[in-house]
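Trainee: Take a look at this one; I'll ask things after.
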Amino acid sequence: MPRLPPAITLWLTLSLTGHALAEEKPVSFIHDIMPRLMKAGCAGGNCHAKPEGQNNFKLSVFGYDPAHDYHEIVRDARGRRVFMAAPEESLLLRKAAGQMPHEGGARIEKGGPAWNLLVTWIKQGAPFALEGEPSLTHVSVQPREGSYAKGAAQQLTVTASYSDGATRDVTSLTDYLSQDKELAEVDEQGLVKTGQISGEGVIVVRFMGHVDVARFTLPSDKKLPAEIYAELPVNNEIDRLVHARHEKLGLLPSGLCTDEEFLRRASLDLIGKLPSAELARRYLADTRPGKRARLVDELLEDPNYADHWAVKWGDLIRPNPSRVGVKPVYLLDSWLRESFRQNKPYDRMIAELLTAQGSSHQHGPVAVFRDKRDPADMGAFVSQIFLGVRLDCAKCHHHPSEKWTQDDYYQLAAFFGRMKRRGQAISAPISGEVEYWWHGGTGSVTHPVTEAVMTPKPPDGPEMPYVEGQDPRARLADWMRASDNPFFAKALVNRIWSDFLGRGIVEPVDDFRVSNPPSNPALLDWLAADFISSGYDLKHLMRTIAASRTYQLSVEPNEHNLADTRNFARAHKRRLSAEVLLDAVGDLTGIRDTFQGLPPNSRAVQTWNHKLSSEFLDAFGRPNASQECPCERERKSSVVQALHLMNSDSLQNKLASEKGRVTALVKDASLSEPKLVTEIYLAAYNRLPEAGEMQAALRFFSTPGATRQTAAEDLAWALINSAEFVFNH
């Protein structure tokens, strides 16, 4: 008897089993089967989506490549995983249901919804997609935001929306993740149970590569009257938006910091420099209104401003000189410092960097292209630093907790795919010869899986096909600086806010995503809009933040904000960065370190090369020059740092130096011992000593065997080794 064609065999099988195709709802691998496999955990990184797969069966991480997964299930190994003639005997079902040995255990129940759906799909011929099938556009969760009592329960509902306007309840197929399990836990079906502490948390929902979040608030048990918030002083819109957040959460902000604290805080934040004793004395004696605003204006004109902020941005974009070459790195650093001296608008500064071309030995920004030679590396760098979006995860697969795909990653890379270069390539550790970079007009970036040629497209932006004679990098820069850009201005104001307040509105500062929402969205939106309206003026932004009452709060907590670390209800102590602290020691002692290649008496913030030798800077967290940027500073203190200050011969030599400040004060016959103590306190803490502190300090001078010199040295050493000196309050 001749063998029947496979299609006829399938039709007869379905007919004889009473499951005619016409009687069943068509099942799609993309829209029906993949969500079930994802929910069962088959495509997790600890199962068949491991880099090497599991038992010769490999799925893509989080289902980012459905075509590959379909081939593995239906076609691989001669199609042994699905049995069209007897679907329930398919290896795919029997292993998943635990009917056969399976390291992952039973993932679905025989006869359950997932089992029945898989059986139907196989009976229908295991189609990949249906004709005219719509695409998934987004998912949304309800309720999106709510205030709940402690110990309450709330069921989430997740809806998938498709390109044809249809919607579908996918609550049972969605993955759920609580960002803070102490505040709330969520089960596999989206049932949220709140905890017993106050605060605000986020539940992340993820379905087939699309993400949404539900925010929940657990107010404080002690609800404060609205009149208290209405009476809080407001310096600018920042305070209004922050107070609204505090009222919602039941937080009460601390009182204002003292003038002494503000002087020190503003100076260290704005220009990275301790106020001089002369400035402290003048500022504290000023009784006119508006003294804090005048101080900020004065600080922003200080020459140290440019050096301080160039160091911060150098951490983010400065390449390793052993890799790129000393001269290109020096020129890049000089360009940064000059940009800050000019108060160059931020959008213009970044546009100049992104569109740089020419000689690596003449134009500083070219060093970035010399370092990020691969278009993909340059795209990921630009996204993280200037857009606050981490695309690295999407280089190999769909982002695990966000919507970004490999297409997004390589479409951004395509903006840099037509760069040409000539001259000596990188030859670490020398790289001394010149290299030229320019936009060449030809070239492309291809997708590593599909091998498709990628069209330039920024994250969440429009496609920007190549145009003859146009540099696509310029179009990217224009898109970034547009007033409606969803990332550019927000990423910058968030980074500056973090520098001033110790924590970003989005934290980490370079990780903007739906599943990591801002703690105060309205505040972030307002800061970005105000920054754009100022013409991307960095000094305007810093002046606005420093003028707010929020920035000027005390570090002292009250009973209503003691546990808060995310909503800026009080100031938080922040350790000084390595360069700022070393300069502070130099300002107090009057003796500076010597740096190779820099003029005598140079400040630490003038160092342009992380390879310039300094045990102090290394101990206090200067980024390792061999690391890939961005180099975020470690803000925590360490035992190494404490031991370095306590045992440093260099510090003792500075205190005892004949040319130092301590010796000069000791030799000033007009200074009595109390006045000498006062001068050292003004230099170290920028304030006058309290009565108890004065009594303790004077005991240094009455210690047996002490001299005026040794007593002054011991006092200065003690102040330098205190938390008040090492931290910004």
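Letter by letter, the sequence shown follows residues 23 to 751 of our numbering. All residues carry an ideal CB built from backbone N, CA and C; glycine is no exception.
If VAL577 and LEU290 are in contact, beta carbons under 8 Å, what's the gap, nearest whole angstrom?
Mentor: That pair is no contact at about 14 Å.
Trainee: Taking only three categories from DSSP, how would you classify ILE567?
Mentor: helix
Trainee: Going by CA-CA distance only, name the one from ASN326, TRP357, LYS394 that's closest to ALA759.
Mentor: It is not possible to answer for residue 759, since the shown part of the chain is limited to 23 through 751.
Trainee: Helix, strand or coil: which one does DSSP assign to SER744?
Mentor: Coil, per DSSP.
Trainee: To the nearest angstrom, how far is the alpha carbon of HIS582 from that of THR472?
Mentor: 55 Å
Trainee: Just to check my reading of the structure: LEU620 and THR629 have Cβ atoms closer than 8 Å, yes? What is that Cβ distance to the nearest angstrom?
Mentor: With a Cβ gap of about 7 Å, LEU620 and THR629 count as contacting.
Trainee: In the DSSP assignment, find the unbroken alpha helix (DSSP H) run with SER672 in it and report its ends.
Mentor: Per DSSP, SER672 belongs to the alpha helix (DSSP H) from 671–678.
Trainee: Do you know offhand how far ARG316's Cα is from ASN750's?
Mentor: 20 Å
Trainee: In this structure, how does DSSP classify GLN121 when only helix, strand and coil are distinguished?
Mentor: coil
Trainee: Do you know offhand how far PHE590's Cα is from THR566's?
Mentor: 16 Å
Trainee: Leaving aside the five residues before and after ASP261 along the sequence, list all residues of the same chain whose C-beta is less than 7 Å from its C-beta, in chain order.
Mentor: SER570, ARG571, THR572
Trainee: Quick one: what's got a C-beta closer than 6 Å to HIS383's C-beta in the same chain, skipping five residues either side?
Mentor: LYS349, VAL456
Trainee: On a Cα-Cα basis, can you pick out the residue from ASP671, SER670, VAL699 that is closest to VAL684?
Mentor: VAL684 has its Cα closest to that of VAL699, out of ASP671, SER670, VAL699.
Trainee: Taking a contact to mean a Cβ-Cβ separation below 9 Å, would you say LEU240 touches ALA288 in this structure?
Mentor: no
Trainee: Going by DSSP in three states, MET441 sits in which element: helix, strand or coil?
Mentor: In the structure shown, MET441 adopts extended strand secondary structure according to DSSP, grouped into three states.
Trainee: Out of ARG597, THR179, TRP331, GLU207, state which residue places its alpha-carbon closest to the alpha-carbon of PRO165.
Mentor: THR179
Trainee: I'd like the span of the alpha helix (DSSP H) that includes TRP630, first residue to last.
Mentor: No alpha helix (DSSP H) holds TRP630; DSSP gives it neither H nor E.
Trainee: Given the structure, does GLY217 come close to the ligand GTP, in the sense that its CB is under 8 Å from one of the ligand's heavy atoms?
Mentor: Within the structure as shown, the ligand GTP is missing, as the structure has no ligands at all.
Trainee: Between the region 340–360 and the region 426–437, can you find at least three pairs of beta-carbon atoms closer than 8 Å?
Mentor: no
Trainee: Work out the CA separation of ASP197 and LEU213 for me, nearest whole Å.
Mentor: Between LEU213 and ASP197, the C-alpha separation is close to 12 Å.
Trainee: For ASP533, does the three-state DSSP call read helix, strand or coil?
Mentor: Coil at ASP533, not helix or strand.
Trainee: What is the DSSP secondary structure of ASP547, reduced to helix, strand or coil?
Mentor: Of the three classes helix, strand and coil, the one that applies to ASP547 here is helix, per DSSP.
Trainee: How many Å lie between GLN211 and ARG228 at the Cα?
Mentor: Their Cα atoms are separated by approximately 12 Å.
Trainee: Can you tell me which of the three DSSP states LEU354 falls into?
Mentor: helix
Trainee: Within the chosen definition, does the region 191–210 reach the region 395–403 through at least 3 CB pairs nearer than 8 Å?
Mentor: Taking 8 Å as the limit for Cβ pairs, the verdict is that the region 395–403 does not touch the region 191–210.
Trainee: Cutting at 6 Å between CB atoms, please list the residues of its own chain near VAL256, excluding the five before and the five after it.
Mentor: ARG262
Trainee: If you run the structure through DSSP and keep just helix, strand and coil, what is VAL607?
Mentor: helix
Trainee: Thinking just about the alpha-carbon of each residue, which of PRO123, ILE339, ASN258 is nearest to the one in HIS632?
Mentor: HIS632 has its Cα closest to that of ILE339, out of PRO123, ILE339, ASN258.
Trainee: Please report the straight-line C-alpha distance between ARG517 and ILE372, rounded to a whole angstrom.
Mentor: 15 Å
Trainee: For ALA511, I'd like the list of residues in its chain whose CB is within less than 7 Å of its CB, leaving aside the five on either flank, ordered along the chain.
Mentor: ALA550, PHE553, ILE554
Trainee: Give the straight-line distance between the Cα atoms of ALA740 and ASN708, rounded to the nearest whole angstrom.
Mentor: 15 Å
Trainee: Excluding the five sequence neighbours on either side, which residues of its own chain have a C-beta within less than 7 Å of the C-beta of SER185, listed in chain order?
Mentor: The beta carbon of SER185 is closer than 7 Å to those of PRO156, SER157, THR159 in its chain, skipping five residues each way along the sequence.
Trainee: Can you tell me where the alpha helix (DSSP H) with VAL404 in it begins and where it stops?
Mentor: 397–404
Trainee: Could you tell me the boundaries of the alpha helix (DSSP H) in which ILE702 lies?
Mentor: 695–707
Trainee: Can you tell me where the beta strand (DSSP E) holding PHE238 begins and where it ends?
Mentor: 232–240
Trainee: Report yes if the CB atom of TYR458 is closer than 9 Å to the CB atom of ARG444, and no otherwise.
Mentor: Yes, they are a contact pair.
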